[in-house]
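Below is one structure, written out as structure tokens; the observations come after it.
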Amino acid sequence: MRAGRMHADEVDIDAALVRRLVATQFPQWTDLPVEPVESSGTDNAMFRLGADMAVRLPRIAGAVPDVAREHRWLPRLAPRLPVAVPTPLGLGAPGEGYPWSWSVYRWLDGTNPVVGHLAEPDLLAADLAGFVAALRRVDPAGGPPAGRGVALAARDAPTRAAIAQLHGMIDTERATAAWERALRLPEHTGPPAWLHGDLGPGNVLVTAGRLTAVIDFGGVGVGDPTADLIVAWNLLPANARRAFRTALDVDDTTWARGRGWALSIALIQLPYYHRTNPALADNARHVIREVLTDESTARG
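Going by the numbering used here, the sequence shown opens with residue 13, and the numbers climb by one from there.
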């Protein structure tokens with residue numbers, strides 16, 4: 013079984029390849045079964061290795077630097093966070109026709125939450141706020157720059173290009189107006205802080221409605237932490253969204269900037285993944301609807 017392709021430039025990855033890589037580089041795990049893991053993730057393919065481990069391989073060259081980033085920073089961040097994060101167990105090298113480094117992690121139990129079907133939305137909102145707050149409290153000194161720790165203006169060109177591809181799929185006039193209002197917001201002026209950068213349904217795990225783990229730290233780093241507010245729109249319903257904001261004590265301008273981040277990410281995702289990643293495309297549509305509704309309400 014081959015991991016589904018989402019990018020024109022991604023390499024072929026399947027369970028047979030993973031078995032060969034494990035056998036040659038980690039022979040102590042040779043006899044463990046390898047099974048593909050269904051995921052909405054876009055940059056990496058994931059396979060379960062035995063009962064307690066996972067193998068994660070970059071699909072595209074752009075995701076390769078994230079391997080070293082996670083191996084360096086996850087062990088330093090984990091003790092300071094209130095929920096589990098991936099534990100690196102092995103760093104794989106290119107081989108068997110696969111061109112890049114790859115990782116073996118401890119398997120984390122839990123399931124991805126389903127938008128609109130959260131068992132404990134207010135409690136989950138509080139858990140997510142606790143994770144974001146704890147991450148921001150970590151000393152940023154020496155941390156790598158976060159890809160999404162930048163000003164919204166840095167995303168203007170790709171966001172507008174995406175809107176141009178979405179005619180007939182969404183209300184592009186409303187989306188453009190909302191994006192332009194977001195661009196007029198003041199930029200972040202506070203100190204840099206750690207951020208995850210991609211908080212959303214596919215990167216959080218829950219058990220009985222409560223947050224138990226956060227995964228995929230490939231974009232973790234230091235910068236403007238506003239982007240971690242996106243989970244308010246890509247996962248939480250309106251009431252829990254307010255609880256999340258209250259728990260983090262977010263001012264109006266920062267909240268609006270976070271809404272702009274959520275909109276930009278969803279607008280870019282939708283035309284790119286609408287055929288190859290239905291789950292991510294559906295979430296992008298959801299975010300666009302939620303943001304535009306929320307923004308209209310905020311404007312009165």
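Note that CB positions come from ideal geometry on N, CA and C, so glycine has one too.
Subject >> Neighbour-count burial assignment, Glu185, 16 or more Cβ in a 10 Å radius >> reply: That one is exposed.
Subject >> Alpha-carbon spacing of Pro290 relative to Leu279, whole angstroms >> reply: If you take the alpha carbons of Pro290 and Leu279, they lie about 14 Å apart.
**OP:** Give the range of the beta strand (DSSP E) segment to which Thr123 is assigned.
**Re:** Under the DSSP assignment, Thr123 falls outside any beta strand (DSSP E); it carries neither an H nor an E label.
Original post:
Considering only C-alpha positions, which residue in the set Ser276, Trp206, Ala90 and Trp112 is nearest to Ala165?
Top reply: Out of Ser276, Trp206, Ala90 and Trp112, Ser276 has the C-alpha closest to the C-alpha of Ala165.
Original post:
Can you tell me the Cα-Cα spacing of Leu103 and Leu207, whole angstroms?
Top reply: So the alpha carbons of these two residues sit roughly 24 Å apart.
Subject >> Where the alpha helix (DSSP H) through Leu140 begins and ends >> reply: For Leu140, the enclosing alpha helix (DSSP H) has its first and last residue at Pro133 to Arg149.
Subject >> Any non-hydrogen atom of the ligand MN closer than 7 Å to Leu248 Cβ >> reply: The ligand MN is absent from the structure shown, which contains no ligand whatsoever.
Subject >> Unbroken beta strand (DSSP E) run spanning Tyr117, endpoints >> reply: Taken as a continuous stretch (DSSP letters only), the beta strand (DSSP E) holding Tyr117 covers Trp114 to Arg118.
**OP:** Could you tell me whether the stretch 175 to 190 touches the stretch 289 to 305, where touching means 3 or more Cβ pairs closer than 8 Å?
**Re:** For the pair of segments examined, the stretch 175 to 190 was found to touch the stretch 289 to 305: the number of CB pairs separated by less than 8 Å reaches three.
**OP:** Indicate the three-state DSSP secondary structure (helix, strand or coil) for Asn289 in the structure shown.
**Re:** Three-state result, Asn289: coil.
Subject >> Beta-carbon proximity of Thr36 to Gly107, cut-off 8 Å >> reply: Against a cut-off of 8 Å, the Cβ pair of Gly107 and Thr36 comes out as a contact.
**OP:** Determine the closest residue to Gly159 out of Asp151, Ala250 and Trp273, with distance taken between C-alpha atoms.
**Re:** With distances taken between CA atoms, Gly159 lies nearest to Trp273 out of Asp151, Ala250 and Trp273.
Subject >> Span separating the alpha-carbon of Ala57 from that of Pro48 >> reply: CA-CA distance, Ala57 to Pro48, rounds to 8 Å.
Subject >> Close Cβ partners of Val127 (< 8 Å) along its chain, the five nearest in sequence each way excluded >> reply: Apart from the 5 residues on each side of it in sequence, Val127 sits with its Cβ closer than 8 Å to the Cβ of Pro213, Asn246, Leu247, Asn295 and His298 in its chain, given in chain order.
Subject >> For His179: DSSP bridge partner residues >> reply: In DSSP, His179 forms a bridge with Ile182.
**OP:** Can you say whether Thr266 is buried or exposed, counting buried as having 16 or more other CB atoms within 10 angstroms of its CB?
**Re:** Buried is the call here.
**OP:** Grab me the residues of Gly62's own chain with a C-beta within less than 6 Å of its C-beta, minus the 5 sequence neighbours each way, in chain order.
**Re:** Cβ neighbours of Gly62 beyond the five flanking positions: Leu44.
Subject >> Start-to-end residues for the beta strand (DSSP E) that takes in Trp206 >> reply: Where Trp206 is concerned, the enclosing beta strand (DSSP E) stretches over Ala205 to Leu207.
Original post:
Is the beta carbon of Leu178 sitting closer than 8 Å to the one on Pro283?
Top reply: Contact check for Leu178 against Pro283 passes: the beta carbons are separated by less than 8 Å.
Original post:
Do Val143 and Val218 have their CB atoms nearer than 8 Å?
Top reply: Correcting the residue identity first, residue 143 is Phe in this sequence and not Val. No.
Original post:
Going by DSSP, what residues sit across from Leu103 in a beta bridge?
Top reply: Note: Leu103 sits in a beta bridge opposite Ser115.
**OP:** Return the Cβ separation of Val79 and Pro70 in integer angstroms, given the expectation that the two are a contact with Cβ distance under 8 Å.
**Re:** 7 Å between Cβ atoms; contact.
Subject >> Complete runs of the beta strand (DSSP E) confined to the stretch 201 to 279 [at least 3 residues] >> reply: Qualifying beta strand (DSSP E) stretches, in chain order: 205 to 207, 216 to 219, 222 to 226 and 233 to 235.
**OP:** Kindly indicate which three-state DSSP category Gly84 falls into: helix, strand or coil?
**Re:** Here the sequence assigns Arg to residue 84, which means Gly is not the residue at that position. For Arg84, the three-state secondary structure derived from DSSP is helix.
Subject >> Gln40 burial status per 10 Å Cβ neighbour count (16 or more: buried) >> reply: Residue burial annotation: Gln40 is exposed, with fewer than 16 other C-beta atoms found within 10 angstroms of its C-beta.
Original post:
Using a Cβ-Cβ distance under 8 Å, would Thr36 count as near chain C?
Top reply: No chain C appears in this structure, which consists of one protein chain only.
Subject >> CB contact flag (Gly235, Pro204, <8 Å) >> reply: Closer than 8 Å, so yes.
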